[in-house]
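Chains as they are written, first to last, in the UniProt record's numbering: chain W, 1 to 105; chain G, 1 to 105.
2 protein chains.
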Amino acid sequence: MPPKKAAIDIDAIHKALANPLRREILCWLREPGRHFADQEHPLDFGVCAGLIDRRAGLSQSTVSAHLATLQRAGLLTSRRVGQWIFYKRNEATIQAFLDYMDGGL
Amino acid sequence: MPPKKAAIDIDAIHKALANPLRREILCWLREPGRHFADQEHPLDFGVCAGLIDRRAGLSQSTVSAHLATLQRAGLLTSRRVGQWIFYKRNEATIQAFLDYMDGGL
Numbered sequence: 001m002p003p004k005k006a007a008i009d010i011d012a013i014h015k016a017l018a019n020p021l022r023r024e025i026l027c028w029l030r031e032p033g034r035h036f037a038d039q040e041h042p043l044d045f046g047v048c049a050g051l052i053d054r055r056a057g058l059s060q061s062t063v064s065a066h067l068a069t070l071q072r073a074g075l076l077t078s079r080r081v082g083q084w085i086f087y088k089r090n091e092a093t094i095q096a097f098l099d100y101m102d103g104g105l
Numbered sequence: 001m002p003p004k005k006a007a008i009d010i011d012a013i014h015k016a017l018a019n020p021l022r023r024e025i026l027c028w029l030r031e032p033g034r035h036f037a038d039q040e041h042p043l044d045f046g047v048c049a050g051l052i053d054r055r056a057g058l059s060q061s062t063v064s065a066h067l068a069t070l071q072r073a074g075l076l077t078s079r080r081v082g083q084w085i086f087y088k089r090n091e092a093t094i095q096a097f098l099d100y101m102d103g104g105l
């Protein structure tokens with residue numbers, strides 16, 4: 001088996017990316033100011049799960065499962081502030097994965 | 001949902017790549033002359049499924065399922081010659097996917 005993993009879980013990342021909504025969420029979080037400009041809390045916290053649900057147009061539980069998959073793969077980080085959970089891209093893992101993919105298949 | 005697919009099935013490709021043996025098989029088939037030099041048929045046909053099974057050290061049925069997943073994702077093509085099935089990388093799809101990944105996440 002290939003040892004090329006370092007700190008990233010290639011299997012989990014590919015699984016997480018094998019879904020169009022999960023890829024879309026990553027894409028939205030790339031430009032939170034563009035996609036979530038109406039958030040009351042500072043976007044530095046990340047984007048509130050509720051706003052992601054609303055933008056996806058899907059139930060809280062469905063989107064929550066997708067966010068959890070992205071977070072388990074290391075592609076997102078979360079932070080709880082009061083009653084809210086905010087999500088951000090984990091740029092270090094995303095970049096490490098893209099660097100890995102640069103090596104080809 | 002993102003329209004960036006063209007002729008390739010991004011979901012299926014990520015699913016196929018979410019397994020270390022499947023990634024390894026793709027890697028072996030990149031250099032068939034190095035990994036399958038003992039094949040009696042010309043390597044232009046591709047690599048015989050039986051040799052891939054042997055190299056993986058797993059049963060025919062297990063490896064066959066992995067090969068089918070790779071083929072459904074468009075990453076491999078197969079060709080039947082007599083009683084044998086030979087597999088090759090589908091470089092066009094692989095390159096299209098790598099180009100897509102170049103766009104970032």
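Heads up, the beta-carbon is just placed ideally off N, CA and C, and yes, glycines get one too.
Approximately 5 Å separates the beta-carbon atoms of glycine 46/W and tyrosine 87/W; this is inside 8 Å, confirming the contact.
Interface residue (Cβ-Cβ distance to chain G less than 7 Å): isoleucine 52/W is not classified as such. Ranked by Cα distance from glycine 82/G, the first of Ala12/G, Pro32/G, His41/G is His41/G. Beta bridge pairing from DSSP links leucine 76/W with Arg89/W. The Cβ neighbour count for glycine 104/W, taken over all protein chains shown within 10 Å, is under 16; the residue is labelled exposed. Secondary structure note for alanine 12/W: its alpha helix (DSSP H) is the uninterrupted segment 10-17. In terms of Cα proximity to arginine 89/G, the closest of Thr77/G, Gly33/G, Leu98/G is Thr77/G. When C-beta distances to chain W are compared with 9 Å, the residues of the segment 11-44 of chain G below that value are Asp11, Ala12, Ile13, His14, Lys15, Ala16, Leu17, Ala18, Asn19, Pro20, Leu21, Arg23, Glu24, Leu26, Cys27, Arg30, in chain order. Cβ contact annotation for phenylalanine 97/G (same chain, cutoff 6 Å, sequence separation greater than five): Ile8, Ile13, in chain order. With fewer than 16 neighbouring CB atoms inside 10 Å of its own CB, threonine 62/G falls in the exposed class. The beta carbons of isoleucine 25/W and leucine 70/W sit about 7 Å from each other, so the pair counts as a contact at 8 Å.
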